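Engineer: Using my numbering, you'd call the opening residue of the sequence shown number 1 and step up by one each time. The beta carbon of each residue, even a glycine, is placed where N, CA and C say it ideally should be. As the structure is a prediction and not an experimental result, all values here were calculated from the model.
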Amino acid sequence: MLINGSDIISLNCDATVEDAVFFMYRNNIRRIVVICESKIKGIFTVDEALKSIIYKSEVKLKDIELKKPVISQSNNLYEVVKLMVENLSDSVIYKDKIITEKDIVFNYDFSNYDDTVSSIANSCISIEGYTNLITAIEIMIKNSIRHLPVIEGSLLGMLSARDIIYYYSQHLNLDVPVRDVMTPYLVYVKQDTKIGEAVKIMKERKIGSIYVLDNKLVSLRDFIKYIFSKMKSS
1 MLINGSDIIS LNCDATVEDA VFFMYRNNIR RIVVICESKI KGIFTVDEAL KSIIYKSEVK
61 LKDIELKKPV ISQSNNLYEV VKLMVENLSD SVIYKDKIIT EKDIVFNYDF SNYDDTVSSI
121 ANSCISIEGY TNLITAIEIM IKNSIRHLPV IEGSLLGMLS ARDIIYYYSQ HLNLDVPVRD
181 VMTPYLVYVK QDTKIGEAVK IMKERKIGSI YVLDNKLVSL RDFIKYIFSK MKSS
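1. Under a Cβ-count criterion, where at least 16 other Cβ atoms within 10 Å of its own Cβ denotes burial, should Asp47 be classed as buried or exposed?
2. Who are the near neighbours of Ser74 in its chain, counting only those whose CB is closer than 8 Å to its CB and skipping five residues on each side?
3. Can you confirm whether the stretch 8-27 touches the stretch 155-167 when touching is taken to mean that 3 or more C-beta pairs between the two stretches lie within less than 8 Å?
4. Is it true that the CB of Val34 sits closer than 7 Å to the CB of Leu66?
5. Let me know the secondary structure DSSP gives Ile157 once reduced to three states.
6. Helix, strand or coil for Thr193 per DSSP?
7. When DSSP labels each residue in this structure, what does Asp14 get in the three-state scheme?
8. Just to confirm before moving on: does the CB-CB distance between Leu88 and Ser72 stay below 7 Å?
9. Per DSSP, Arg30 is paired with what?
10. Can you tell me the Cα-Cα spacing of Gly208 and Val218, whole angstroms?
11. Give a yes or no on whether 7 Å exceeds the smallest Cβ distance from Cys36 to chain C.
12. Please state whether DSSP places Phe223 in a helix, a strand or coil.
13. Skipping 5 residues on each side, what residues in its chain have a beta carbon closer than 6 Å to that of Leu77?
14. Using the rule of at least 16 other Cβ atoms within 10 Å of the residue's Cβ for burial, across every protein chain shown, is Glu61 buried or exposed?
15. At which residues does the alpha helix (DSSP H) containing Thr135 begin and terminate?
16. Under a three-way DSSP split, which group does Tyr25 fall into?
17. Going along the chain, which unbroken runs of the alpha helix (DSSP H) with 4 or more residues stay wholly within the stretch 70-148?
18. For Val59, which residues of its own chain have a beta-carbon under 8 Å away from its beta-carbon, when the five flanking residues on both sides are left out?
19. Considering just the uninterrupted stretch of the alpha helix (DSSP H) at Lys51, what are its terminal residues?
20. With a threshold of 8 Å, are at least 3 pairs of Cβ atoms found where one atom belongs to the stretch 102-116 and the other to the stretch 147-160?
21. Based on the DSSP output, what are the partners of Glu204 in its beta bridges?
22. Within its chain, find whatever has a CB closer than 6 Å to the CB of Ser10; leave out the 5 residues flanking it on each side and keep chain order.
23. Would you call the stretch 222-229 in contact with the stretch 171-179, where contact means no fewer than 3 C-beta pairs closer than 8 Å?
24. Would Glu204 be called buried (16 or more neighbouring beta carbons within 10 Å of its own) or exposed?
25. Looking at the strands, I want to know which residues DSSP matches up with Asp7.
This is how it looks when you write it as structure tokens:
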């Protein structure tokens, strides 16, 4: 199976973090390939954006630590997934395309598998609706996560790194409660939900993780690891 990916969207390394955040919002993307002197310097993702917007949004992309680009000589599914897992990367560059976890997970055929989401779900950190957005960002950075379920007696919603970046691009303000920024109506599944069904729901709702009752989460990264384990054993 071959994965095509999407055209690379790039930005010059002389652009500032703030420029990059606005660029992400305008183009509805989560990552940007950063170019310096016609060469790929690195990948700027929502992770780097979170680390930068609190204190140094005016710094240039060439002066911050970017994700190392992972380059593949093939767009064969196994090779791409292997590179993602081995390099802890959420994207792989192939020629003039960038292949993401979403490209793979949302196009993979899970119909032959009976495993449930409970087999790959992880315990998650949740926050309340009144939690300050800066506190939520610090939690994400400290724990290397992009999603925080917002629970306050009931399931209120999900706060994602993308939600934060897009909000910041419009308001340039982080001193707000997360309920003002989160995506409302937390999408969830039960522990006995088949993996393929969970992916179908994520694809339909256009989300990068799904809440598993009670207090667990499955992300695109978890599905990538699952796919890799199945491909290795087949």
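Structural biologist: The answer reads as follows:
1. By the neighbour-count definition (other C-beta atoms within 10 Å, threshold 16), Asp47 is a buried residue.
2. Excluding residues within five positions, the ones whose Cβ falls inside 8 Å are Val80, Tyr94.
3. Touching, yes.
4. Between Leu66 and Val34, the gap from beta carbon to beta carbon is short of 7 Å.
5. In the sequence on display, residue 157 carries Gly and not Ile. If DSSP states are grouped into helix, strand and coil, Gly157 belongs with the strands.
6. Residue state, collapsed to three classes: coil.
7. When DSSP states are grouped into helix, strand and coil, Asp14 belongs to the coil group.
8. By the CB criterion at 7 Å, Leu88 and Ser72 fall outside the cutoff.
9. In the DSSP assignment, no residue is bridged to Arg30.
10. Cα to Cα, the separation comes out at about 9 Å.
11. In the displayed structure, chain C is absent; only one protein chain is listed.
12. Helix at Phe223.
13. Around Leu77: Met1, Ile3.
14. Residue identity differs from the one stated: residue 61 is Leu in this sequence, not Glu. Buried, by the Cβ-count rule.
15. Residue range 133-143 is occupied by the alpha helix (DSSP H) that includes Thr135.
16. In the three-state scheme derived from DSSP, where H, G and I count as helix and E and B as strand, Tyr25 is classed as helix.
17. If we require 4 residues or more, the alpha helix (DSSP H) runs fully inside the stretch 70-148 come out as 77-87, 101-105, 133-143.
18. Excluding sequence neighbours, Val59 sits near Thr16, Val17, Ser52.
19. Run containing Lys51: 46-53, per the alpha helix (DSSP H) assignment.
20. By the C-beta criterion, the stretch 102-116 is judged not to be in contact with the stretch 147-160, since fewer than 3 inter-stretch pairs fall below 8 Å.
21. Looking at the DSSP assignment, Glu204 forms no beta bridge with any residue, so it has no partner.
22. In its chain, beyond the 5 residues on either side, Val33, Ile35 have a beta carbon closer than 6 Å to the beta carbon of Ser10.
23. Taking a cut-off of 8 Å on C-beta distances, the stretch 222-229 does not touch the stretch 171-179, as fewer than three cross pairs fall below it.
24. Classification for Glu204: exposed.
25. DSSP, once it has assigned bridges, lists Lys97 as partnering Asp7.
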